[in-house]
Amino acid sequence: MINRYRVDGNKHIKLSEIDTAETGNIDRHDAEMKTPQLLAELAELQDLLYASQSTAVLIVLQGLDTAGKDGSIQHVMGVMNPQSCRVASFKVPTAAEAAHDFLWRIHSETPGKGGITIFNRSHYEDVLVVRVHNMVPEPVWRARYDKINAFESLLAESNTVIVKFFLHISKDEQKERLLERERNPVKAWKLSPADWRERELWDSYQEAYNDAINQCAKPHAPWYIIPADHKWYRNIQIAEILVETLRPYREGWQKRLEMIGAEELKQLRAERQQH
Ligand code: AMP
Ligand code: MG
-3 MINRYRVDGN
7 KHIKLSEIDT
17 AETGNIDRHD
27 AEMKTPQLLA
37 ELAELQDLLY
47 ASQSTAVLIV
57 LQGLDTAGKD
67 GSIQHVMGVM
77 NPQSCRVASF
87 KVPTAAEAAH
97 DFLWRIHSET
107 PGKGGITIFN
117 RSHYEDVLVV
127 RVHNMVPEPV
137 WRARYDKINA
147 FESLLAESNT
157 VIVKFFLHIS
167 KDEQKERLLE
177 RERNPVKAWK
187 LSPADWRERE
197 LWDSYQEAYN
207 DAINQCAKPH
217 APWYIIPADH
227 KWYRNIQIAE
237 ILVETLRPYR
247 EGWQKRLEMI
257 GAEELKQLRA
267 ERQQH
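Number -1 in our numbering belongs to position 3 of the sequence shown; there are no gaps in the numbering.
Below, the structure written as structure tokens:
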């Protein structure tokens, strides 16, 4: 079954028509029972991915401030083997990064075969924050959609499975979460005065996200728009989508491992016979 939140060029979406508080047909209790099972399967798939060394996995996380990027990373990383999973966070470009083309810093962080990399923000910032703040002229950011599509095609052709999540929250939910950060001394470090200023640009960001998603949703690099007002729902959706994306590879990875194993054993026997 095709996931209901998947956008891969099959349809044109409008974020304003997508409910941020949706919880599908599962309640919180059931979701919290089922999520650990999905995460256990994800960990098992990661082991096969790592051992078989034939596929790479790139997970892109995008969303406005407080949308839950950090929480989603904790949720997924909590079950991963750290040997073959890493996070790359993209901030305001450094001087060295800004001196190069926008994909330079991104390309060097992409996963190699056997690995999973989670992008906390990504090359999409170059058609989001950069567009909203007019950091480059319009023709420059407009031309970037094609460049992003070409880049993601290149990765996909090189055996990288790409999964992109947009964590979709409402403006009211963001306000709640920003206020919560202000109230809670342990969370206040996350708050930046810029967050409230960025919030005033909400509509421009929604427009920029609409375009980024519609322009760059492909079968080999789909977007998933996750209703993210409820964290438990966001968590189960992310777990389910990752498992459903990787499950079809399981058999191929297992076969490859058996082949590698058989080859090793053959060599071992051959060596033993010589002694
Ligand atoms: P945070 O994710 O809260 O640590 O914040 C990182 C900040 O870096 C966000 O405000 C992003 O919009 C900003 N950022 C990330 N990539 C770029 C970029 N390419 N150009 C300008 N700002 C960026
Ligand atoms: Mg922030």
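In this text, a Cβ means the ideal position worked out from N, Cα and C, and glycines have one as well.
Checklist entry - Taking 7 Å as the line, does the beta carbon of LYS87 fall inside it for any heavy atom of the ligand AMP? => result yes
Next on the checklist: Once the 5 residues before and after LEU150 are set aside, which same chain residues still bring their CB inside 6 Å of it?
Outcome noted: none
Checklist entry - LEU41 and VAL239 look like a contact to me (Cβ under 8 Å); what is the Cβ gap, rounded to whole Å? => result 7 Å
Item to check | DSSP state of LYS65 mapped onto helix, strand, coil | outcome: helix
Checklist entry - So what does DSSP say about LYS85, is it helix, strand or coil? => result Before going on, a small fix: residue 85 reads as Ser here, not Lys. Three-state DSSP puts SER85 in a strand.
Checklist entry - With DSSP run on the structure shown, which of helix, strand or coil describes THR90? => result coil
Checklist entry - Run through DSSP, which three-state label would ASN210 get? => result helix
Checklist entry - So is the beta-carbon of ARG117 under 7 Å away from any non-hydrogen atom of the ligand AMP? => result yes
Checklist entry - Which word fits GLU260, buried or exposed, when buried means at least 16 other C-beta atoms lie within 10 angstroms of its C-beta? => result exposed
Next on the checklist: For the ligand MG, is there any heavy atom lying closer than 7 Å to the beta carbon of ASP61?
Outcome noted: yes
Checklist entry - Just the Cα atoms here: how many angstroms apart are ARG127 and VAL88? => result 14 Å
Checklist entry - Is SER188 near the ligand MG, with its Cβ less than 7 Å from a heavy atom? => result yes
Checklist entry - Does the ligand AMP have a heavy atom nearer than 7 Å to the CB of ASP4? => result no
Checklist entry - Can you tell me the Cα-Cα spacing of ASP15 and ARG24, whole angstroms? => result 17 Å
Item to check | Beta-ladder partner(s) of THR19, from DSSP | outcome: Bridge partners of THR19: none, in fact.
Item to check | Nearest to ILE222 (by Cα), restricted to the options ILE144, GLU236, GLU178, GLU247 | outcome: GLU236
Checklist entry - For ILE222, which residues does DSSP report across the bridge? => result LEU163
Next on the checklist: Taking 8 Å as the threshold (C-beta atoms), are ASN(-1) and LYS65 in contact?
Outcome noted: no
Next on the checklist: Going by DSSP in three states, GLY5 sits in which element: helix, strand or coil?
Outcome noted: coil
Checklist entry - For ALA92, is the classification buried or exposed, using 16 other Cβ atoms within 10 angstroms of its Cβ as the cut-off for buried? => result exposed
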